[in-house]
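Below is one structure, written out as structure tokens, with a few remarks after it.
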């Protein structure tokens, strides 16, 4: 089952969360990551997300399968945008259904942390001053112009 | 051997391309990274990267085969 996917079009959460429906589930927890207008003290105008699609899909799926095995949840899904996004756009959505809220919250938090740490997706911030830079692990842009 | 290399994010910017086909005597990702890092002037130490061959993560001493797709992955920043 493919629990993780990349999307090059805007996400419709109402559609996505139907995959979590389960008669035994009494709780649903979700996380939405939005594009904000600042980072590290700089004004951000927009973002580009790039992914190594084949590996992002398999690694993302592995994370969600691990979450379902690790936490007492009924279903878990994640969708991550790629392409050019504007301020306020939804960049990533995680949804989890579970019998009880503790597992739903815990799994949701674990999934977004693992996705950020492991899935081959990169963010290019375009700043208001016209500069741009890819963000790499310590969260600082890498200067590719020199 | 011939390899297909894909580049992402700042590595693609630095190399000035998203992919290339290279003929190389390198038999591990470790040796191949040393070669392309020198060629393209990649600033990353190998310790900051991961490597994937044919769409799966591998170790730096993985044995490369002719026509492998090799990707050096800079630290990720999704989410």
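Chains as they are written, first to last, in the working numbering: chain X, 67 to 212; chain A, 45 to 123. For every residue, glycine included, the Cβ atom is placed at its ideal position computed from N, Cα and C. Here the structure is a predicted model, which means the values were calculated and not measured.
Check your understanding: residue 115 of chain A touches chain X at which residues, Cβ-Cβ below 7 Å?
Key -> 118
Review point. Counting Cβ pairs closer than 8 Å, one from the stretch 160-175 of chain X and one from the stretch 137-150 of chain X, do we hit at least three?
Key: yes
**Study point:** Residue-level contact to chain X via CB, residue 80 of chain A, 9 Å cutoff
**Key:** no
Review point. What residues from the stretch 150-173 of chain X come within 8 Å of chain A, judged by C-beta to C-beta, listed N to C?
Key: Look at the stretch 150-173 of chain X: the residues with a C-beta under 8 Å from a C-beta of chain A are 157 and 158.
Point to revise | For residue 187 of chain X, the three-state DSSP class (helix, strand or coil) | key: In this structure, DSSP gives residue 187 of chain X an extended state, which the three-state scheme calls strand.
Review point. How about the stretch 166-174 of chain X and the stretch 104-120 of chain X: do they share at least three Cβ pairs that are nearer than 8 Å?
Key: With a cut-off of 8 Å, the stretch 104-120 of chain X and the stretch 166-174 of chain X do not count as touching, because too few Cβ pairs lie within range.
**Study point:** Residue of X/180, X/70 and X/167 minimising C-alpha distance to residue 92 of chain X
**Key:** X/167
Review point. What residues in the stretch 93-120 of chain A have a beta carbon less than 7 Å from any beta carbon of chain X?
Key: Residues of the stretch 93-120 of chain A with a C-beta atom less than 7 Å from some C-beta of chain X are 96, 99, 115, 117, 118, 119 and 120, listed in chain order.
Point to revise | Where residue 104 of chain A sits in the DSSP three-state scheme | key: coil
**Study point:** Where residue 70 of chain X sits in the DSSP three-state scheme
**Key:** strand
Review point. Of all the options A/88, A/115 and A/89, which has the alpha carbon lying nearest to the alpha carbon of residue 47 of chain A?
Key: A/115
Check your understanding: What three-state label does DSSP hand residue 87 of chain X in the structure shown?
Key -> coil
Review point. Counting Cβ pairs closer than 8 Å, one from the stretch 179-191 of chain X and one from the stretch 73-87 of chain A, do we hit at least three?
Key: Between the stretch 179-191 of chain X and the stretch 73-87 of chain A there are fewer than three C-beta pairs closer than 8 Å, too few to call the two in contact.
Practice item. Find the residues of chain X that neighbour residue 83 of chain A, judging by a C-beta separation of less than 9 Å, and give them in chain order. Key: Going along chain X, no residue has its Cβ under 9 Å from residue 83 of chain A, so there is no contact; the nearest lies around 15 Å.
Exercise for review: Identify, in the order they occur along the chain, each residue of the same chain with its Cβ nearer than 8 Å to the Cβ of residue 72 of chain A, setting aside the five sequence neighbours on each side.
Suggested key: Listed in chain order, the non-local C-beta contacts of residue 72 of chain A below 8 Å within the same chain comprise 104, 105, 106, 107 and 108, local neighbours out to five positions each way being set aside.
**Study point:** Proximity of residue 90 of chain A and residue 118 of chain A at Cβ, strictly below 9 Å
**Key:** no
**Study point:** residue 191 of chain X, buried or exposed, once every other Cβ within 10 Å from all chains shown has been counted against 16
**Key:** buried
Practice item. Can you give me the start and stop residues for the beta strand (DSSP E) that residue 150 of chain X sits inside? Key: 149-152
Check your understanding: Along the chain, where does the alpha helix (DSSP H) that runs through residue 109 of chain A open and close?
Key -> DSSP places residue 109 of chain A outside any alpha helix (DSSP H), giving it a letter other than H or E.
Review point. CB-CB under 7 Å to residue 111 of chain X, same chain, minus the five flanking residues each way: which ones, in chain order?
Key: 192, 193 and 194
Practice item. Quick one: grab the DSSP three-state call for residue 61 of chain A. Key: coil
Point to revise | Interface partners of residue 115 of chain X on chain A, CB under 8 Å | key: 122
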